[in-house]
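Structure record follows, encoded as structure tokens.
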Amino acid sequence: MRHSPQPTSVEITRAGQILRAGGLVAFPTETVYGLGADAWNPAAVKKLYRVKRRPADHPVIVHFAEAKQAFEWARDVPDSARRLADRFWPGPLTLILKRAARAPDFITGGQDNVGVRVPAHPVARQMLAAFGGGVAAPSANRFGSVSPTTASHVLAELGADVDLVLEGGPTEVGIESTILDLSGDAPVVLRPGHISKSELERELGIPVAEKSAASPRHSGGLERHYAPHTPARLVPTHELDREIEKLKEKVAVLAFSRPDERVDFWLRMPRDAQAYAKRLYAALRELDSAGCEAILIETPPDRPEWAAVLDRLRRACG
Ligand code: TXA
Ligand code: MG
1 MRHSPQPTSV EITRAGQILR AGGLVAFPTE TVYGLGADAW NPAAVKKLYR
51 VKRRPADHPV IVHFAEAKQA FEWARDVPDS ARRLADRFWP GPLTLILKRA
101 ARAPDFITGG QDNVGVRVPA HPVARQMLAA FGGGVAAPSA NRFGSVSPTT
151 ASHVLAELGA DVDLVLEGGP TEVGIESTIL DLSGDAPVVL RPGHISKSEL
201 ERELGIPVAE KSAASPRHSG GLERHYAPHT PARLVPTHEL DREIEKLKEK
251 VAVLAFSRPD ERVDFWLRMP RDAQAYAKRL YAALRELDSA GCEAILIETP
301 PDRPEWAAVL DRLRRACG
């Protein structure tokens, strides 16, 4: 396994070769790092699921260099999908569409739809162009844990199980893409992200719903997901002081205010939702490694711009 400081064209070519040979390449996207495999190669995808420790019936997103290719993996592509692709791709948006015959069962979890995305990170784009086809890629972490936002997170968690990790610096968005299901009668957000429900509504000119129990199965929808190993809980701002006062256990705190001297591990977070998202997973990893009994997280404001962060925090707290 090799780890390059900055992928050269040689490294990118090698990534393409590894993918073609059925290997695994971890790569940066603008959201989080992905663990990529040739989406057409059953053995490669099997290896991907094994390394990820993901159940075989969970679908995986397929990544492409161009929107045109993504739409070739779908059938009955609605105008809304093309409109959103024109506006938001390359970018942090995944579309769930009815699948075409070329989208194999083993990447759709046996469902009749497929998740496609054209990422914006230049290293991802170069790798996808060098490979030429669809790259199946979940976030490059073990099933259920926090997504990686740096190459060293990937190395620490997956290390020798990956054939190559492409370096792309800390990711810009910091949380996973917005997932929009366009396979049904009306658009439904399955996972909130950097591209908000209102931005999607503005572009489509119709209301966009949020996930209900009837929506297609997806592992990001499990209650406890994106979670640190240390038990975490959300604490409203006005209760934070009281919680700290009565503490007996050794805790870590993620909060907006300045560090409190009664607490050993305190990370101060930005008050801007996008800056918070960018910092979140590295912060959770840091607090998780502090050896505390619990992580207390100050609840962010209940406003639309915090929807994606709140979603991830609620899951981290299970
Ligand atoms: O930002 C992202 O989306 C990152 C980067 C690497 O692209 N990928 C990512 O993949 O977060 P993953 O597998 O960790 O989360 C994707 C979620 C999963 O919950 C999966 O079950 C769901 O998308 N998903 C994938 N294909 C689907 C489909 N056909 N129908 C419903 N949900 C799907
Ligand atoms: Mg994931």
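First residue of the sequence shown: 1, per our numbering; consecutive thereafter. Positions of the beta carbon are idealized from the N, C-alpha and C atoms, including for glycine.
What three-state label does DSSP hand A214 in the structure shown? Confidence in A214 is poor, its pLDDT being 49 and thus under 50, which makes the residue's placement unreliable; the coordinate value appears in the next sentence. Looking at A214 - three-state DSSP - the assignment turns out to be coil, as it is neither helix nor strand.
State the CB to CB distance for the pair V173 and P92, rounded to an integer number of angstroms; the pair is presumed to be in contact (CB under 8 Å). 5 Å
Residue nearest to P306 in terms of C-alpha spacing, selected from C292, A277, A294: The question names Pro, but residue 306 is Trp in the sequence shown. Comparing Cα positions, the closest option is A277.
Residues that R99 bridges to, as DSSP identifies them: A74
Three-state secondary structure (DSSP) at S198? helix
Straight-line gap, L240 to A308 (C-alpha atoms, nearest Å): 22 Å
Give me, in chain order, the residues of the same chain whose beta-carbon lies closer than 7 Å to that of Y49; leave out the 5 immediate sequence neighbours on both sides. A56
How many angstroms separate the CA atom of K68 from the CA atom of P90? 12 Å
Give the range of the alpha helix (DSSP H) segment to which T13 is assigned. 9-20
Option in E261, F256, R262 with minimal Cα separation from A300: Per the sequence presented here, residue 300 reads as Pro, with Ala not at that position. Comparing Cα-Cα distances from P300 to each of E261, F256, R262, the minimum goes to F256.
Residues bridged to A227 [DSSP beta-bridge criterion]: S145
Could you tell me which residues DSSP puts in a beta bridge with N113? K98
Can you look up A136 in the DSSP assignment and give me helix, strand or coil? strand
Shorter than 7 Å, the distance from the beta carbon of P59 to the closest heavy atom of the ligand MG, or not? no
Considering only C-alpha positions, which residue in the set L97, G34, W266, P78 is nearest to V135? G34
Would you report the Cα separation of P122 and I244, rounded to the nearest angstrom? 44 Å
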